[in-house]
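Note sheet for the following structure.
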Amino acid sequence: MLVAYLDEIGETGAFVSKSHRRFNTSPAFGYGGFVISSDHVTSMSKLFSHNMRTLFKEEYENSVSSGDGFFEIKGAAVFHKGTLASPLAPAKFRVFDAMIEKLIKNFDGRLFYYADEKPIGTDKQTLKEQGALEKRESDAMRETLNRLARYAKTRSENIFIILDQINEKQRYLRAHRMYGHIYSRMHDFDEMANILEPPMHVDSKFSANMQFADWIAAFVSRAIEYQLIRDSEYGWVIDQERVRFPLRVERPFTYESKLRLWEKSCDDLNNIDVLRQERPLFPRYYGQYVDPDVAQKMLRIARASQRRQSGVEKD
Numbered sequence: 544m545l546v547a548y549l550d551e552i553g554e555t556g557a558f559v560s561k562s563h564r565r566f567n568t569s570p571a572f573g574y575g576g577f578v579i580s581s582d583h584v585t586s587m588s589k590l591f592s593h594n595m596r597t598l599f600k601e602e603y604e605n606s607v608s609s610g611d612g613f614f615e616i617k618g619a620a621v622f623h624k625g626t627l628a629s630p631l632a633p634a635k636f637r638v639f640d641a642m643i644e645k646l647i648k649n650f651d652g653r654l655f656y657y658a659d660e661k662p663i664g665t666d667k668q669t670l671k672e673q674g675a676l677e678k679r680e681s682d683a684m685r686e687t688l689n690r691l692a693r694y695a696k697t698r699s700e701n702i703f704i705i706l707d708q709i710n711e712k713q714r715y716l717r718a719h720r721m722y723g724h725i726y727s728r729m730h731d732f733d734e735m736a737n738i739l740e741p742p743m744h745v746d747s748k749f750s751a752n753m754q755f756a757d758w759i760a761a762f763v764s765r766a767i768e769y770q771l772i773r774d775s776e777y778g779w780v781i782d783q784e785r786v787r788f789p790l791r792v793e794r795p796f797t798y799e800s801k802l803r804l805w806e807k808s809c810d811d812l813n814n815i816d817v818l819r820q821e822r823p824l825f826p827r828y829y830g831q832y833v834d835p836d837v838a839q840k841m842l843r844i845a846r847a848s849q850r851r852q853s854g855v856e857k858d
């Protein structure tokens with residue numbers, strides 16, 4: 544049996560730009576994490592717990608001395624704008640790479656993501672319909688289930704899906720919708736039968752594997768932002784001197800992983816595409832191409848020269 548651990552990529556709200564006063568959080572929404580054979584769930588959990596407590600030794604010791612009983616470092620605290628400035632940056636990348644390599648080579652696992660790019664605009668422009676936020680969340684979850692079911696079928700395995708905890712009202716509504724989706728789709732797509740139950744929710748404080756999924760979702764979220772935003776601050780995601788697992792392991796993502804673009808002329812990004820160095824939305828030009836800023840500067844110089852020449856001719 545397979546087990547998928549998933550957390551949210553981004554959030555459901557509207558997005559304009561990273562510099563916008565209000566709508567600046569995330570350009571896409573979806574789910575990311577990893578899929579692993581049930582035989583290796585405990586081994587992965589032990590590996591992550593050991594590495595996290597070693598990497599964040601001071602924070603862990605403070606947590607123990609305070610008597611809290613739980614220790615967790617969120618993915619957003621590992622991968623963020625100031626990641627490269629952190630003294631722990633080399634160790635973070637090294638540990639993250641090593642865990643992913645172990646997941647894939649030793650634990651029969653794969654990384655997974657599905658996300659929808661959001662249309663650019665405020666909530667009044669892009670979320671006009673009642674229940675639009677819930678629909679965005681439901682659409683992403685449905686597509687996530689479809690793709691995980693397909694992956695499970697190719698592996699001739701059943702799959703159990705675990706998500707990070709949400710409030711009770713949201714959990715009830717989501718479970719109701721997902722039950723309906725799985726069973727209504729099963730008639731035409733038999734792979735849906737590979738999903739044993741609608742997603743179960745577990746508080747990440749109680750699950751090391753859920754915390755690892757949170758780290759992966761945070762990393763993929765930064766990669767998606769790099770692909771969608773021209774001046775993204777997350778260029779380090781494609782720096783192969785830091786993020787090395789794409790070179791060390793074959794097919795780190797499931798074939799079914801996807802970033803669905805919003806009304807773009809280029810193709811959606813699938814599996815490893817999210818870590819492409821050449822960004823499809825912002826291609827580099829060679830040969831006769833002139834940077835727009837340089838072209839404007841050249842135009843201003845030419846116009847100034849023409850004005851000077853006109854002045855000389857009048858004299």
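Using the working numbering, the first residue of the sequence shown is number 544, and each one after it goes up by one. C-beta: ideal position from N, C-alpha, C; glycine also. Bear in mind the structure is a predicted one, so any value in this text is a computation, not a measurement.
- Beta-bridge partners of SER580 (DSSP): LEU545.
- Residue environment: THR585 is assigned as exposed (fewer than 16 neighbouring CB atoms within 10 Å of its CB, all protein chains considered).
- By the neighbour-count criterion, in which a residue is buried when 16 or more other Cβ atoms sit within 10 angstroms of its Cβ, THR597 is exposed.
- Secondary structure at LYS801: strand, using DSSP grouped into helix, strand and coil.
- DSSP places PHE788 inside the alpha helix (DSSP H), whose first and last residues are 788-791.
- Residue range 675-697 is occupied by the alpha helix (DSSP H) that includes ASP682.
- Contact check between the region 553-569 and the region 660-669: three or more CB pairs, one atom from each, fall below 8 Å, which counts as touching.
- Under the DSSP assignment, GLU700 falls outside any beta strand (DSSP E); it carries neither an H nor an E label.
- Apart from the 5 residues on each side of it in sequence, LEU771 sits with its Cβ closer than 7 Å to the Cβ of PRO570, ALA571, GLU660 and LEU824 in its chain, given in chain order.
- Taking 3 residues as the shortest admissible run, the region 716-801 contains the following complete beta strand (DSSP E) segments, listed from N- to C-terminal end: 743-745.
- Per the DSSP secondary-structure output, LEU812 pairs in a beta bridge with LEU802.
- Note on TRP758: 16 or more other CB atoms within 10 angstroms of its CB, so buried under the neighbour-count rule.
- If you draw a 10 Å sphere on the C-beta of GLU799, you find 16 or more other C-beta atoms in it, and that means buried.
- Short of 6 Å from the beta carbon of TYR694, and not among the five residues preceding or following it, lie these beta carbons of its own chain, in chain order: THR797 and GLU799.
- Closest in C-alpha terms to LYS635, from the list VAL780, SER606 and LYS807, comes VAL780.
- Per DSSP, ASP659 is one residue of the beta strand (DSSP E) stretching across 653-660.
- Taken atom to atom, the span from the alpha-carbon of PHE613 to that of CYS809 is near 45 Å.
- Distance from the Cα of TYR657 is smallest, within the candidate group PRO826, GLN852, LYS648 and VAL817, for VAL817.
- In the structure shown, the three-state DSSP call for PHE599 is coil.
- One Cα belongs to ASP746, the other to SER608, and the distance between them is close to 22 Å.
- Here ALA571 is bridged, per DSSP, to GLU660.
- When the Cα atoms are used, LYS696 and ARG679 turn out to be separated by approximately 26 Å.
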